[in-house]
Amino acid sequence: MIRFENISKTFGKHTVLQNIALTFEQGQAVAIVGPNGSGKTTLIKSLLGMVIPDTGSIYVDNQNIKHDFSYRSKIGYMPQIGHYPPNLSIRQLIEMMTDIRKGIIDSKQLDFDIIKDFELEKIYEKKLGTLSGGTKQKVSAALAFLFDPQILILDEPTAGLDPLASEILKQKIFKEKNKGKLILLTSHILSDLEELSSHLLYIQDGQIQLFKQLSQLKEEYDETRLSKIIARLMQVKLSPSLPQPYWV
Amino acid sequence: MNKVIKYVIYDILRNKFVMSYTLLLLLVSLAFFGFEADANKGLLSLLNIILMVVPLVSIIFTTIQFYNSYEFLELLSAQPIGRKTIFLSQYLGIGISLCLAFVIGVGLPTILLEGTTKGLTLILCGLLLTLVFVSLALLASVCTKDKAKGIGIALAIWFYFSIVYDGFVLTALLSFSDYPLEKASLFFTTLNPSDLARIIILMKLDISALLGMTGAIFQQFFSSILGIFIAIVLLILWIIVPAWRALAIFNKKDL
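So the sequences go chain by chain: A and B. Quick note: the first sequence uses UniProt numbering, first residue 1, plus one each step. Quick note: the second sequence uses UniProt numbering, first residue 1, plus one each step.
Here you go:
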């Protein structure tokens, strides 16, 4: 479904991605894990066309994404922090996003689950500038799921949400995963990743260190908890003199 | 493309800064037309304000607006629309909103109180200047990711065109005053959009004598229909070229 072919990217002297070759298939829920600055965000951004790789190509459904933006109608993206035009209301933002897809997507297929579950209708006329960080996050989630996309890219989806909202969102992600969608997740909350994902992609220094099924990993390492596995992964990669990762 | 512009304009028009800008222009216009018995003098005073305030507000507001909507531009670029559409919707959204503010603030009072060709020239020049500085601001904004740096560049551009440039030209003209520099000074003018706008209006107001030595040459050149036409085309080029450069950079930019 998504194929990265030898993607490299440098910012100035700093190499962020180095010869990334990857294939994601339908039905996978991939947890993308790696230390800060390891290239996770750049990987996601290059898939979305926000960052243009120096070399290599990315294919979505066998279509090269370089000169054609139509593939993005298949993607629902939830950014880490949502910043929206402050004077628009939630209703107008949703209208705009629907307008952009007019003719591409049938408006009957819209998925209002998240909007209903988060009770966003009650604050539909509120200006986006007046919303709290958590509420903005809810709006971002609503937009990501609204068009029932085949691919979901969720960047730290539960960060900033209250426990109830976070649970609702996780339920929704789980539901979409079971429908056979491709889900790419980044998070520093490993328990969330463990609940939701089927595969683990571990990136460090712009290179893929590991891309495996979670169940297989658990067998290999003889561990039942993802945090332990990742701790061991990082210990192998990092020199022993460095302090342990904060979550261990 | 108009799918996005509509919402950008809607957002900006409710911006308090744009509202205050409109109100300020309206107050200044009414004041000048009210205080000056001679409408020509009113226009002239208004011109001086416009040549300073319009570029300053346009360039600063556009830059700040661009950086404030940066994350939103990111989100838009994850939607099924092209970079060109995103850029143009920002450009036109900001441009149309600021032009609307100018039309309400300066346009309406001028048409009501001094609806001559002179008044209309002033409005046209104000609108063109607005768009020129929106273009320059976007060019400055796409060049750097750092907000403070972007605003700094924008301020420097305004400072250069509104204050420093005239000083340079004057120094050059004085140092080489032994040579015939009429043609050169004409050429220097085309390199500064503010000067172009100023001269178009001054010529329309028929007070070019105030311009002194080179006034005659300007009079000769700019008073003809062709002269004014060329000046307007040059101003339009000042809109298109920076905007086009900014678009080219934005197309390849990593957000």
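Note that the Cβ used here is the ideal one computed from N, Cα and C, for glycine as well. This one's a predicted model, so the numbers in the text were calculated from it and none came from an experiment.
Query: Classification of Leu-44/B by the beta-carbon crowding that lies within 10 angstroms, buried from 16 upward; Result: buried
Query: Chain-ordered chain B contacts of His-83/A [CB-CB under 9 angstroms]; Result: Asn-68, Ser-69, Tyr-70, Glu-71, Phe-72, Glu-74, Leu-75
Query: Three-state secondary structure assigned by DSSP to Thr-116/B; Result: coil
Query: Interface flag, Leu-120/A vs chain B, CB-CB below 8 angstroms; Result: no
Query: For Phe-211/A: DSSP bridge partner residues; Result: Leu-201/A
Query: Beta-carbon gap between Gln-150/A and Lys-74/A smaller than 8 angstroms; Result: yes
Query: Neighbourhood of Lys-181/A by C-beta, 8 angstroms cutoff - its chain only, sequence neighbours within 5 removed; Result: Gln-26, Gly-27, Pro-149, Gln-150, Ile-151, Leu-152
Query: Cys-143/B vs Ile-225/B beta-carbon contact at 8 angstroms; Result: no
Query: 8 angstroms Cβ cutoff, Val-103/B in contact with chain A; Result: no
Query: Delimiting residues of the beta strand (DSSP E) encompassing Ser-57/A; Result: 55-60
Query: Inter-residue Cα distance where the pair is Cys-125/B and Ile-208/A; Result: 57 angstroms
Query: Chain-ordered neighbours of Phe-69/A on chain B, where CB pairs are closer than 7 angstroms; Result: Pro-80, Ile-81, Gly-82
Query: Contact with chain B by Ile-173/A, beta-carbon distance below 8 angstroms; Result: no
Query: Neighbourhood of Val-134/B by C-beta, 6 angstroms cutoff - its chain only, sequence neighbours within 5 removed; Result: Ser-58, Thr-62, Ile-94, Gly-95
Query: Three CB pairs or more closer than 8 angstroms across the stretch 75-83 of chain A and the stretch 131-141 of chain A; Result: yes
Query: Integer-rounded CB distance, given that Leu-185/A should sit under 8 angstroms from Leu-214/A; Result: Incorrect: roughly 12 angstroms between the Cβ atoms, too far for contact.
Query: Members of the stretch 29-48 of chain A that neighbour chain B once the beta carbon cut-off is set at 8 angstroms; Result: Lys-45, Leu-48
Query: Short CB-CB distance (under 8 angstroms) between Thr-99/A and chain B; Result: The amino acid at residue 99/A is misidentified as Thr; the sequence shows Asp. Asp-99/A counts as touching chain B.
Query: Residues within the stretch 144-156 of chain B neighbouring chain A, beta-carbon criterion of under 7 angstroms; Result: none
Query: Beta-carbon proximity of Leu-122/B to Leu-47/B, cut-off 8 angstroms; Result: yes
Query: Per-residue DSSP class, three states only, for Thr-10/A; Result: strand
Query: Nearest-angstrom Cβ-Cβ length linking Pro-242/B and Leu-139/B, presumed shorter than 8 angstroms; Result: 4 angstroms
Query: Contact with chain A by Leu-255/B, beta-carbon distance below 8 angstroms; Result: yes
Query: Buried or exposed (CB count within 10 angstroms, at least 16 for buried), Ile-117/B; Result: Per the sequence shown, the amino acid found at residue 117/B is Thr instead of Ile. Exposed, because fewer than 16 other Cβ atoms sit within 10 Å of the Cβ of Thr-117/B.
Query: Lys-122/A, buried or exposed, once every other Cβ within 10 Å from all chains shown has been counted against 16; Result: exposed
Query: Residue range of the unbroken beta strand (DSSP E) whose run includes Ile-75/A; Result: 75-78
Query: Residues near Ile-183/A by beta carbon distance below 6 angstroms, same chain, minus five either side; Result: Ala-29, Leu-152, Lys-177
Query: Nearest-angstrom Cβ-Cβ length linking Ser-197/A and Ala-31/A, presumed shorter than 8 angstroms; Result: 4 angstroms
Query: Arg-14/B at chain A interface by Cβ criterion, 8 angstroms; Result: yes
Query: Any chain B beta carbon closer than 8 angstroms to Val-51/A; Result: yes
Query: For Gln-63/A: DSSP bridge partner residues; Result: Val-60/A
Query: Chain B within 8 angstroms of Tyr-77/A, Cβ atoms only; Result: yes
Query: Coil, strand or helix - Arg-3/A by DSSP; Result: strand
Query: Leu-164/A, buried or exposed, once every other Cβ within 10 Å from all chains shown has been counted against 16; Result: exposed
Query: Ranges of the beta strand (DSSP E) found wholly within the stretch 107-188 of chain A, counting only runs of at least 3; Result: 151-155, 182-186
Query: For Gly-39/A and Val-16/A, believed in contact at Cβ under 8 angstroms, the rounded distance; Result: 5 angstroms
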